Amino acid sequence: MQDPASRRSRPRILEAARRLASAEGEGPLTMEAIAASSGVTRRTLYNHFANLGDLCMVACAPLFAHCRAALPLSDTAPRPVRDLLHALACDVVQLQRDPVHIALKRTAKLQSLTAPQLRHAYSVQIREPLRRIVAGRLSASLPGLPSETLADEVLSTLEAANRLDYLVRDLERAGAGAVIVDMLLDRLDLQADQPRRAA
Numbered sequence: 504m505q506d507p508a509s510r511r512s513r514p515r516i517l518e519a520a521r522r523l524a525s526a527e528g529e530g531p532l533t534m535e536a537i538a539a540s541s542g543v544t545r546r547t548l549y550n551h552f553a554n555l556g557d558l559c560m561v562a563c564a565p566l567f568a569h570c571r572a573a574l575p576l577s578d579t580a581p582r583p584v585r586d587l588l589h590a591l592a593c594d595v596v597q598l599q600r601d602p603v604h605i606a607l608k609r610t611a612k613l614q615s616l617t618a619p620q621l622r623h624a625y626s627v628q629i630r631e632p633l634r635r636i637v638a639g640r641l642s643a644s645l646p647g648l649p650s651e652t653l654a655d656e657v658l659s660t661l662e663a664a665n666r667l668d669y670l671v672r673d674l675e676r677a678g679a680g681a682v683i684v685d686m687l688l689d690r691l692d693l694q695a696d697q698p699r700r701a702a
């Protein structure tokens with residue numbers, strides 16, 4: 504049974520892990536860094552968590568909950584192609600630029616060796632649901648086309664475009680005429696009025 508001091512240290516440990524995970528420029532989390540940041544010994548840390556992977560999963564649970572709530576809606580109303588791609592781009596870029604999502608994705612990538620369950624959880628809880636949402640919205644407006652494949656192309660294109668601030672500013676300013684929309688039309692081999700690619 505844990506003593507009161509040990510119970511009080513658990514929230515500090517989790518907060519320290521989240522703070523380090525959210526810090527720009529930090530490398531992978533380590534038990535040593537978390538112990539030092541939370542003001543506890545490594546022994547205390549291991550009294551609470553069996554390993555770094557378990558600690559990361561518990562610490563990142565609020566980040567996962569935030570990102571699941573921030574996923575775009577499953578809007579299946581058919582739209583003109585340009586409007587569809589603009590709406591998808593806005594929704595996906597908004598998630599990609601969410602500071603909590605950035606911290607979670609970076610941590611999952613950095614901890615891929617020391618806490619592989621974190622990267623798996625990111626894929627299952629965030630990446631795959633986002634992919635299904637994008638595929639569903641594409642399928643509603645572009646019936647007969649391979650929506651799963653198109654969804655992968657949409658996400659990879661937007662991940663690349665998101666790194667360029669001027670493209671994101673143009674997306675906000677130019678609406679359906681944005682450069683990102685043109686990039687998606689080209690990448691998906693679509694025309695603004697109808698799909699060119701056969702199913």
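With the first letter of the sequence shown counted as 1, position 63 gets the number 566 in our numbering; the numbers rise by one all the way through. Cβ atoms here follow ideal geometry from the backbone N, Cα and C, with glycine treated the same way. Being a predicted model, the structure only gives us computed values, none of them experimental.
Practice problem: Determine, using beta carbons only, whether V682 and L670 come nearer to each other than 7 Å. | Solution: Yes, the pair counts as a contact, with Cβ atoms nearer than the cut-off.
Practice problem: Could you spell out where the alpha helix (DSSP H) holding R649 opens and where it closes? | Solution: As written in the sequence, residue 649 is Pro, which differs from the Arg given in the question. Careful: P649 lies outside any alpha helix (DSSP H) and carries neither H nor E.
Quiz prompt | Cβ neighbour criterion (16 or more within 10 Å) applied to Y625 | solution = Looking at its Cβ environment, which holds 16 or more other Cβ atoms inside 10 Å, Y625 is buried.
Quiz item: In whole angstroms, what is the alpha-carbon distance linking E535 and L633?
Solution: If you take the alpha carbons of E535 and L633, they lie about 34 Å apart.
Quiz prompt | Distance between G556 and P575 (C-alpha atoms, nearest Å) | solution = Computed Cα separation, rounded: 28 Å.
Exercise. Classify L667 as helix, strand or coil using the three-state DSSP reduction.
Key: In the structure shown, L667 adopts coil according to DSSP, grouped into three states.
Quiz item: In this structure, does DSSP put L693 in helix, strand or coil?
Solution: Here L693 carries a strand assignment [DSSP, helix/strand/coil].
Quiz prompt | For A580, three-class secondary structure by DSSP | solution = Of the three classes helix, strand and coil, the one that applies to A580 here is coil, per DSSP.
Quiz item: Considering only C-alpha positions, which residue in the set R510, E518, L693 and M560 is nearest to H623?
Solution: Nearest in C-alpha terms to H623, of all of R510, E518, L693 and M560, is M560.
Self-check item: Exposed unless 16 or more other CB atoms sit within 10 angstroms - verdict on D692
Solution: D692 should be labelled exposed.
Self-check item: Exposure of Q620, with buried meaning 16 or more beta-carbon neighbours within 10 Å
Solution: When all chains shown are included, Q620 counts as exposed.
Quiz item: By Cβ distance below 8 Å, which residues in the same chain neighbour R522 in space, the five residues on each side in sequence not counted?
Solution: If the five residues before and after R522 are omitted, its C-beta is found closer than 8 Å to the C-beta atoms of S540, all from its own chain and listed in chain order.
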